[in-house]
DNA sequence: TTGAAAGCGCTAACAA
DNA sequence: TTGTTAGCGCTTTCAA
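Residue numbers (the numbering used here), protein chains in the order written: chain L, 1 to 322; chain R, 1 to 322.
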């Protein structure tokens, strides 16, 4: 691939002059400018991003770390982030932690090796000390997406509030018992449960951690057997919701007459499912936009500033399943 | 971040000696080796991948270009590719062309700028002259994944064969009219149609290019109205299939009694849908493995060799919808 | 307006 | 076994 030095030789100017032309400096004689540009075009010059990055620390590279790219929600998020980054002249190095902290840690090292200008991350355990420590060492700006990490720039949806919304909706629809599929420390469950406890439904709300289909189906069956009252399942994500729907169908439980189901993330399949799935929609495009904007701002204007902590709110998408 | 030169100063050796230690050369006195390693650990040294890449052309970076990462199939593929690459010490720069050739072209330039060691691509139009020309200019190895590009290393599933399999299956299940959702030059339709034409069903097989739900639903309705014979819809991917299922439900057409539906890619949701979706499964893990292996081989042992052209075969996953 | 020179962090000769 | 020197492709002074 042709270099500036070679173009310089071909056009009989110095290499820095070529640099000036190619970077759009206006202090070059039009005649030379033409000559250099023509030569660059002819040989299809592409600057060496490594050499450029070696110099001024601007690699125009962003590290993006997600937990699971094969989850439609994160795939969408990654897609939007990539688009936003591209619009601003940045490229993305993508990492998939697969919910494995070892991977996450390893990636953070890789990111440093490539001297990325900044990192967008969906941390596995955003509250852990290890995560904070690693971020400290990174010495490039980091923006946490989807999760809230205290003291760090975070662009996220207020899960507790979303959970409360779900509770209100389910109550209004006449459901009186509740099962959450997911971890009990999950923000959405925290908010969900809190609302329910407040009005005395604490004993009627439980949670199950998803391990595999067999285990979940059994848990579901147990829960169904405990009472004949109309209940609702709040799934931690749409993937779980889809499985719940399937299990319920197998058990010949009618949705939403006997049991309601609501998902989370509002992935695109939801509106085509049978029954159409109610879900909680996160403003993906907006999150991607704000996260990238914040990150680029940190990159462009370094120095300490207060951490961004602006929870966006989710919205309910009500369809047939509740 | 600390550099080799700085470590050299701190440990009172020359910088190349630090390089030797850190790269595991055995020709260094144990005492020095210890000292240097300790210092590196203490300061959490991470080599500068840019400087390294600027030198020996090995950036340990792979460009990955897909058409749509938000499609579950490609998300899975990307995930596997990333994992395979990582196992071999490579990182991934990810691009999403969004089926836009302009993006694709632009990305190929970016890839050159970062001097990636190789590229894995799902091209938009693998048969076009433009694509071949761009690949030529790339002067790094390129492996085409999912599609077949003549004369280039290609790891792909034989879509025509898959299409033929679908035809045989549908016929066996007693369907007698056929509608394919997708482009007529799509390999799977080519193979599908060919099989059908051979036995005289040419006039009974048609295709519709998906534009949006309204248009597709209308086309579907038209097709249904043309005959009362039992027919099947072959969707170009599972996403289309899901929509077809939804449209059919709206039209109160029973699946698979009156109309069969089969998808493509066998995305994970398929087994939970109502009805469970029959689909064509591509060996994603194997494709990722072979593609990365081939690419790394090209990188490690340059020089002309015959292009890899080894079509893998897809397999039918038959569930309730056919 | 242009060029010469230095340097980013590293590897790769080559000497000692 | 270690150090010296040069150079990868670029940007950035500093002179001219």
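Just so it is clear, CB atoms sit at the ideal spot from N, CA and C, and this is done for glycine as well.
- request: Could you name the residues of the same chain whose beta carbon sits closer than 7 Å to that of residue 204 of chain L, not counting the 5 residues immediately before and after it, in chain order?
  value: 176, 177, 178
query: Name the chain R residues that come within less than 8 Å of residue 112 of chain L, Cβ to Cβ?
result: 1, 46
field: residue 251 of chain R in three-state terms, based on DSSP
entry: coil
message: Using a 10 Å radius around the Cβ and a threshold of 16 neighbouring Cβ atoms, would you call residue 189 of chain R buried or exposed?
response: buried
- prompt: Shorter than 8 Å from the beta carbon of residue 51 of chain R to some beta carbon of chain L?
  reply: yes
query: What distance in whole Å lies between the Cβ atoms of residue 320 of chain R and residue 250 of chain R, which are believed to be in contact at a cut-off of 8 Å?
result: About 19 Å; that fails the 8 Å criterion.
- prompt: At what residue ranges does the region 68 to 117 of chain L contain a whole run of the beta strand (DSSP E), taking only runs of 3 or more?
  reply: 91 to 96
task: Using a threshold of 8 Å, state whether the C-beta atoms of residue 242 of chain L and residue 273 of chain L are closer than that.
output: yes
message: Give me the residue from L:87, L:105, L:86, L:89 with the minimum Cα distance to residue 95 of chain L.
response: L:105
- prompt: Should residue 107 of chain L be labelled buried (16 or more other beta-carbon atoms within 10 Å of its own) or exposed?
  reply: buried
message: Taking the straight line between their C-alpha atoms, what separation do you get for residue 70 of chain L and residue 309 of chain L?
response: Roughly 27 Å separates the two Cα atoms.
message: Using a 10 Å radius around the Cβ and a threshold of 16 neighbouring Cβ atoms, would you call residue 208 of chain R buried or exposed?
response: Classification for residue 208 of chain R: buried.
query: Taking the alpha helix (DSSP H) that residue 258 of chain L falls in, what are its first and last residues?
result: Unbroken run through residue 258 of chain L: none, as it is neither H nor E.
- request: Examine chain R for any beta-carbon lying closer than 8 Å to the beta-carbon of residue 91 of chain L, and answer yes or no.
  value: yes
task: Taking residue 183 of chain L as the query, report the chain R residues whose CB atoms sit under 9 Å from its CB, ordered along the chain.
output: Correct list: empty, because the minimum Cβ distance to chain R is about 21 Å.
query: With residue 137 of chain L and residue 44 of chain R assumed to form a contact (beta carbons below 8 Å), what rounded beta-carbon distance in angstroms separates them?
result: 6 Å
- prompt: Assuming residue 152 of chain L contacts residue 307 of chain L under a Cβ cut-off of 8 Å, what Cβ separation, rounded to an integer in Å, is found between them?
  reply: 6 Å
Short-range partners of chain R found in the region 273 to 302 of chain L, where Cβ spacing is below 9 Å: 273, 274, 275, 276
- request: Output yes if chain R places a C-beta closer than 8 Å to the C-beta of residue 237 of chain L; else output no.
  value: no
- request: Determine which residues share a DSSP beta bridge with residue 208 of chain L and list them.
  value: L:181
task: Write down every uninterrupted run of the beta strand (DSSP E) in the region 140 to 183 of chain R whose length is 3 residues or greater and which is fully enclosed by it, in chain order.
output: 142 to 145, 153 to 155, 177 to 181
message: Quick check on this structure: which residue in R:221, R:164, R:121 has the alpha carbon closest to the alpha carbon of residue 198 of chain R?
response: When only C-alpha atoms are compared, the closest one is R:164.
- request: Check the Cβ-Cβ distances between residue 81 of chain L and every residue of chain R, and say whether any is below 8 Å.
  value: no
message: Less than 8 Å between the C-beta atoms of residue 172 of chain L and residue 147 of chain L, yes or no?
response: no
task: Could you tell me if residue 228 of chain R is buried or exposed, where buried requires 16 or more neighbouring beta carbons within 10 angstroms of its beta carbon?
output: exposed
field: Per-residue contacts from residue 69 of chain L into chain R (C-beta, under 8 Å)
entry: 69, 75, 78, 79, 82
query: Taking three-plus beta-carbon pairs below 8 Å as touching, is the region 36 to 51 of chain R in contact with the region 46 to 66 of chain L?
result: yes
- request: Return the CA-CA distance between residue 281 of chain L and residue 145 of chain L, expressed in angstroms with no decimal places.
  value: 15 Å
- prompt: In chain L, which residues lie with their C-beta within 8 Å of the C-beta of residue 58 of chain R?
  reply: Near residue 58 of chain R there are no residues of chain L at all, since even the closest Cβ is about 11 Å away, more than 8 Å.
message: I need the boundaries of the alpha helix (DSSP H) containing residue 220 of chain R, first residue and last residue.
response: 213 to 225
- prompt: Within the chosen definition, does the region 65 to 79 of chain R reach the region 18 to 35 of chain R through at least 3 CB pairs nearer than 8 Å?
  reply: No, the region 65 to 79 of chain R does not touch the region 18 to 35 of chain R.
- request: With distances taken Cα to Cα, identify the nearest neighbour of residue 322 of chain L among L:59, L:103, L:234.
  value: The residue with the shortest Cα to Cα distance from residue 322 of chain L is L:234.
query: Could one say the Cβ of residue 137 of chain R lies closer than 8 Å to chain L's Cβ atoms, at least one of them?
result: yes
- request: Quick one: using the 10 Å Cβ neighbour count with 16 as the cut-off for buried, is residue 23 of chain R buried or exposed?
  value: Classification of residue 23 of chain R: exposed, given that the 10 Å Cβ count is below 16.
field: Extent of the continuous beta strand (DSSP E) run through residue 279 of chain L
entry: 279 to 281
- prompt: Cβ of residue 266 of chain R within 8 Å of Cβ of residue 238 of chain R?
  reply: yes
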